[in-house]
Amino acid sequence: MELTKNILKATSINNLNWPGAGLFKNRLIDETCQRRWLRQSVLCYDLQCMFIGKTGYGKSSTLNRIVGDNVFETDDINACTANLYCADYILNADRHYFLSLCDLPGVGEDEDRDAGYLAWYQQMLIKSDCVVYVLRADQRDMSVDLKVFRILQIRPDNCVIALNYCDKIEPVSRCSVLPTNEQRCNINLKIRDISRTFNFPVTQILPYSAYTGWNIGALLYAMSGKLSCGFRT
Ligand SMILES: Nc1nc2c(ncn2[C@@H]2O[C@H](COP(=O)(O)OP(=O)(O)O)[C@@H](O)[C@H]2O)c(=O)[nH]1
Ligand SMILES: [Mg+2]
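First residue of the sequence shown? That's 0 in numbering that gives the first Met the number 0, and the numbers climb one at a time after it.
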């Protein structure tokens with residue numbers, strides 16, 4: 000299957016409001032064949048970050064929070080991402096180096112559809128410098144996620160686990176956008192549980208909330224670390 004990106008946003012890296020976005024400006028990218036993409040028949044090289052995980056866990060909401068714009072469709076009930084959608088940031092004046100943030104369809108709703116989506120995940124994995132696997136802090140059943148990790152052989156060298164929905168971890172507080180001390184304790188317990196279950200280092204499991212924006216900076220920092228491996232030295 001040919002991979003085609005649907006570009007929802009294309010703008011200069013100057014418009015990416017990350018702490019440390021300066022790291023990406025005018026950087027040369029290592030021109031490997033995995034990073035190769037065609038944009039209107041022009042050969043480009045992308046630092047690729049892909050967001051995957053179960054449907055409804057907040058992949059698209061996280062991307063919207065990161066790009067500072069509602070470009071990725073989100074939904075309370077229905078899965079609404081059925082294709083590869085990207086926000087692209089142009090890194091250099093020649094316009095052939097990009098930072099590309101890509102939203103993929105979520106798994107876990109329908110086994111037949113999952114098989115197709117997993118095939119996409121597999122193809123995109125090869126082309127990605129950073130995989131962001133989104134989990135929910137307030138959910139216990141991780142069987143689908145474990146299956147995806149096993150099939151894709153996801154490892155911490157190019158992946159971070161993004162632990163979303165921390166605003167909904169018990170005991171839920173209606174008065175504060177920051178997690179309470181009790182919630183922080185439960186977030187730490189959840190991180191340790193995920194670390195054991197997925198055999199993943201705790202430092203690569205980033206708790207945050209796409210809804211309140213809490214700790215999104217730490218997730219960006221971890222993503223930048225993985226993406227910077229694609230710079231030409
Ligand atoms: N409370 C809360 N809701 C969230 C959070 N992240 C996403 N949502 C909601 O979860 C629903 C599904 O989000 P979406 O981004 O479409 O999930 P996706 O299927 O993984 O792309 C939407 O109604 C979002 O508003 C979060 O951190 N906290
Ligand atoms: Mg989505």
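Ideal Cβ placement from N, Cα and C applies to all residues, glycine included.
From the options, residue whose alpha carbon lies closest to that of residue i
i: Y84; options: I51, G107 and G115; result: I51
i: V131; options: R139, G105, K24 and D111; result: G105
i: P155; options: Y56, A221, L37 and F97; result: A221
i: D29; options: D68, A161, F97 and F71; result: F97
i: R231; options: L162, C101, L22 and N198; result: L22
i: K24; options: N185, P200, I160 and D93; result: D93
8 Å contact criterion, which residue i and residue j should meet: CB distance rounded
i: M123; j: L7; result: The pair is not a contact, with the Cβ atoms about 16 Å apart (cut-off 8 Å).
i: P206; j: I190; result: 6 Å
i: S11; j: I89; result: 5 Å
i: G19; j: A209; result: The Cβ separation is near 19 Å, so there is no contact.
i: C158; j: C48; result: So it is not a contact: roughly 11 Å between Cβ atoms.
i: Q33; j: I125; result: 6 Å
i: G144; j: K225; result: Per the sequence shown, the amino acid found at residue 144 is Asp instead of Gly. About 19 Å; that fails the 8 Å criterion.
i: L46; j: G229; result: 5 Å
Cβ-heavy atom distance, residue i to ligand 1, below 7 Å
i: Y56; result: yes
i: K8; result: no
i: S208; result: yes
i: N164; result: With the sequence shown as reference, residue 164 is identified as Tyr, and Asn is not the correct amino acid for it. Result yes, Cβ under 7 Å from ligand 1.
i: T196; result: no
Enclosing alpha helix (DSSP H) for residue i [first to last residue]
i: K58; result: K58 to V66
i: L219; result: I215 to L226
i: M123; result: E110 to I125
Assigned exposure category for residue i - 16 Cβ within 10 Å defines buried
i: T202; result: exposed
i: V171; result: exposed
i: N82; result: exposed
i: V176; result: exposed
i: V41; result: exposed
Any non-hydrogen atom of ligand 2 within 7 Å of residue i CB
i: T61; result: no
i: D68; result: no
i: G52; result: no
i: G229; result: no
N-terminal and C-terminal residue of the beta strand (DSSP E) that residue i is part of
i: L7; result: N5 to S11
i: A86; result: Y84 to I89
i: V133; result: C129 to R135
i: I204; result: I204 to P206
Cβ-heavy atom distance, residue i to ligand 4, below 7 Å
i: N185; result: In the structure shown, ligand 4 is absent; the only ligands present are ligand 1 and ligand 2.
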